[in-house]
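Numbering (this note's numbering), first residue to last: 48 to 172.
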């Protein structure tokens, strides 16, 4: 595969149990923040991360996020799974908010009763 000049991929998934008796490696953020990890100086970091990107640059923020990189408040959405970043999606819209901004709605329940959602995996790539 062509990674556009990038020479590696770094995953930030959640810990998963190994299948068929095999143990899977600890995800990097967990390995860095494990208490007692003698080869890491990041044990005090919260297990949170954020990606910030534009058309020409990108940044990975570990231990939380920098509010200066956001134009609005960050919203927290709990995961529906302990092994994947899965959230319940009730609607999906893309485009620019505000006056003159064009928004396109891709998904919306017509008559929601409060319990409808589609499970969706959050992935930055």
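Glycine included, each C-beta is placed from N, C-alpha and C at the ideal position.
Annotation for residue 151: the continuous beta strand (DSSP E) segment containing it runs 150-155. Residue 112 is not a Cβ neighbour of residue 135, given a cutoff of 8 Å.
Under the three-state reduction of DSSP, residue 166 is assigned to strand. Between the alpha carbons of residue 84 and residue 94 lies a distance of about 14 Å. Closest in alpha carbon position to residue 98, among 127, 116, 145, is 116. Following the DSSP letters along the chain, one finds residue 75 inside the alpha helix (DSSP H) bounded by residues 75-80. Boundaries of the beta strand (DSSP E) around residue 96: 96-100. Secondary structure note for residue 139: its beta strand (DSSP E) is the uninterrupted segment 138-142.
For residue 106, the uninterrupted beta strand (DSSP E) segment begins and ends at 105-109. Taking C-beta atoms under 8 Å as the contact rule, residue 130 and residue 82 fail to qualify, at a distance of about 21 Å.
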